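The structure appears below as structure tokens.
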Amino acid sequence: MDIDDKFLEENFIKLLNLKTEKNYFTFRNSDLDVDPEVNVHIKNFDINDEVNYLKKCEYNDTFIYNNNYFEQLLIKPNDFLDFDNFISAKDKENNIQYEISYPSIEYILSCFYKLFKDNEVSSFFLARTHKSQVFKRDSRFIFVHMELDTYSEASLLTNKQFKLKSGNERDIFLTLKSILKEMFKGIITIKISSKQKIDLSTFKTLNNSFLFSLGYDKDISLMEFRQKMNTPPRFFESITISAPLRIYNEKLFYYYQQAISSQNPVLQYLSFYQIIENFHYEVSNEDIIKIVRDILTHPSFSYKNQKSIENVIKTSREWKFNEKNATKLVIEQLIDLNDLKTDLIEYDGNYYNYLKSKGVRFAHAKKIREDKETIEINSLSERVHNVRNALIHSKEGDLLFNEEKKGIYIPLTNHEEELVQEIPLIRMLAEHIMINTSEVINEDNLNYNP
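Just add 123 to wherever you are in the sequence shown, counting from 1, and you've got my numbering.
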């Protein structure tokens, strides 16, 4: 990254409207909501180490990267839990560390450098707005967030007080880093570090794996920042999470993230269903191949016999893709129904009984049956497929003429209550498929750089 510390300093002076003194920089009191008798200074910028580190990094609008480190901006939903401790996990076997926390100083500096370089300061963080968050006045007391070693709740919520009495020190010295941390405490980044050199594509894969683990283990939805962030600043809840041990299909990962990040049950269901649908062609193709292979390898088949050849042609022509059957084949081939039953019971024993005792009325889907103490595949696949059809066939013509012939979903009715009950089932099916089609993280798929 081509970055110049002098260039940064000059632009921070302009951004913060600082007066240059002999040994420090001073905020103009007219810009701050502070007692006029108090002077607030920045003694030095002290960002040389961070700038030197950034010179070894690549960057774009939302991440910085080198062979041993990756940091990516994340977006969190509005109802995400506050937190006072970072989310962190370590993969000891592969020497990879994961963390989700406030942005590093290096990341913050890279953002400002790009903004300064592109002359976009006015469209990003407004200095006056953030200075009003850093400096707060209350009667005869000044509350100033000083430099924090950690972002613990105590250090964030307990401000240092400066009593304004005759003879007391009127000069307050801050650091640029403490101010930058305050300005960026409303956003979060994921940080991945490795003792071995790793290429960018592998870092992104590990990023996806860790975010999937958060969704799977804790039902936490975090995604890469892809649009303007308008989430209000909040803190996270303390959380324990394991480092990911597997690499997941990237396309399936995005379907999964879309599902768990949505509050709309229709979008949730269809996004999880797309994970099943992703394998429709593959299993259907294998199905017709098996049918034709069985004909060709049958003892009665002869390539010299015209009827035998015609039978192959007829079978191929008559075979048609059947989505209902494809859904059944995907579940049959990629999911252990005993494991699925165990997970459904562990999720909620009453929920599994609900699936066995009640169908889905708006989808004309029947209850799930059991076969030799496990889930019967036909009833399971039919239920999933019928719900999906009811969601996507809610067209005007279907609604007017076919409501009794096929399932129709009507939003904001009791249909929604029924649909919500189907989300845990389709989610578990999707998760089992993702896990069963994933790979264990090892040296073969980490792509270490020489």
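No residue lacks a Cβ here, since even glycine has one placed at the ideal position from N, Cα and C.
Everything numeric in this text was worked out from a predicted model, so none of it was measured.
As a quick exercise: from the options, pick the residue whose alpha carbon is nearest that of residue i.
i	options	result
residue 145	167, 131, 137	167
residue 405	416, 420, 450	450
residue 391	549, 197, 214, 126	549
residue 188	151, 162, 230	230
residue 102	322, 318, 324, 312	There is no way to answer for residue 102, as the model of the chain reaches only from 124 to 573.
residue 329	426, 183, 429, 213	213
residue 481	418, 128, 134, 541	541
residue 179	126, 143, 164, 494	126
residue 318	425, 216, 198, 135	216
residue 165	516, 239, 302, 495	302
residue 461	494, 124, 446, 563	494
residue 545	143, 474, 332, 376	474
residue 163	170, 143, 169	143
residue 563	332, 490, 427, 403	332
residue 455	489, 425, 399	399
residue 307	227, 336, 161	227
residue 416	172, 435, 139	435
residue 453	552, 234, 172	552
residue 490	479, 500, 499	479
residue 463	445, 401, 558	558
residue 448	500, 427, 418, 543	500
From residue i to residue j, what distance separates their C-alpha atoms?
i	j	result
residue 459	residue 327	30 Å
residue 457	residue 555	8 Å
residue 315	residue 533	44 Å
residue 250	residue 504	Only weak support is given to the placement of residue 250: the predicted model assigns it a pLDDT of 37, under 50, and the value that follows is read from those uncertain coordinates. Answer to the nearest angstrom: the Cα atoms are 57 Å apart.
residue 346	residue 381	9 Å
residue 129	residue 565	43 Å
residue 384	residue 497	31 Å
residue 309	residue 232	16 Å
residue 368	residue 561	10 Å
residue 487	residue 470	25 Å
residue 388	residue 413	37 Å
residue 198	residue 184	14 Å
residue 371	residue 568	12 Å
residue 510	residue 437	33 Å
residue 151	residue 296	14 Å
residue 133	residue 170	13 Å
residue 182	residue 196	12 Å
residue 341	residue 376	16 Å
residue 124	residue 300	20 Å
residue 172	residue 131	13 Å
What first and last residue would you give for the beta strand (DSSP E) that runs through residue i?
i	result
residue 164	162-165
residue 222	219-224
residue 328	Taken as a continuous stretch (DSSP letters only), residue 328 belongs to no beta strand (DSSP E), being part of the alpha helix (DSSP H) at 323-341.
residue 312	311-317
residue 308	Counting along the chain, residue 308 falls outside any beta strand (DSSP E), and DSSP gives it neither H nor E.
residue 214	210-214
What residue range does the alpha helix (DSSP H) around residue i cover?
i	result
residue 537	537-559
residue 381	373-384
residue 512	500-515
residue 465	460-470
residue 450	446-457
residue 150	Segment 148-150 is the beta strand (DSSP E) holding residue 150; no alpha helix (DSSP H) there.
Could you tell me if residue i is buried or exposed, where buried requires 16 or more neighbouring beta carbons within 10 angstroms of its beta carbon?
i	result
residue 254	With a pLDDT of only 38 at residue 254, under the threshold of 50, the placement of this residue in the model should not be trusted; the figure read from the coordinates follows. Looking at its Cβ environment, which holds 16 or more other Cβ atoms inside 10 Å, residue 254 is buried.
residue 365	exposed
residue 472	exposed
residue 374	exposed
residue 608	This structure leaves residue 608 out entirely; the chain is present only between 124 and 573.
residue 538	buried
residue 175	exposed
residue 429	exposed
residue 574	The structure shown does not extend to residue 574, since the chain is modelled only from 124 to 573, so the question has no answer here.
residue 293	exposed
residue 484	exposed
residue 421	exposed
residue 531	buried
residue 304	buried
Return the chain-ordered list of same chain residues with a C-beta closer than 6 Å to the C-beta of residue i, the five sequence neighbours on each side being excluded.
i	result
residue 209	222, 224
residue 114	There is no way to answer for residue 114, as the model of the chain reaches only from 124 to 573.
residue 219	317
residue 468	475
residue 136	none
Might you give, ordered along the chain, the residues of its own chain that have their beta carbon closer than 7 Å to the beta carbon of residue i, omitting 5 neighbours on each side?
i	result
residue 192	316
residue 339	554
residue 321	190, 569, 570, 571, 572
residue 547	470, 474
residue 513	485, 486, 530, 531, 532
residue 431	424, 425
residue 323	188
Give every residue of the same chain whose Cβ lies closer than 8 Å to the Cβ of residue i, excluding the five residues on either side of it in the sequence, and list them in chain order.
i	result
residue 524	Only weak support exists for where residue 524 lies, its pLDDT of 46 falling under 50; the coordinates are left without a value.
residue 394	378, 379, 381, 382, 385
Confirm the yes/no value for this check: CB of residue i, any heavy atom of the ligand SAH, distance under 7 Å.
i	result
residue 174	Among the components of this structure there are no ligands whatsoever, and the ligand SAH is therefore not found.
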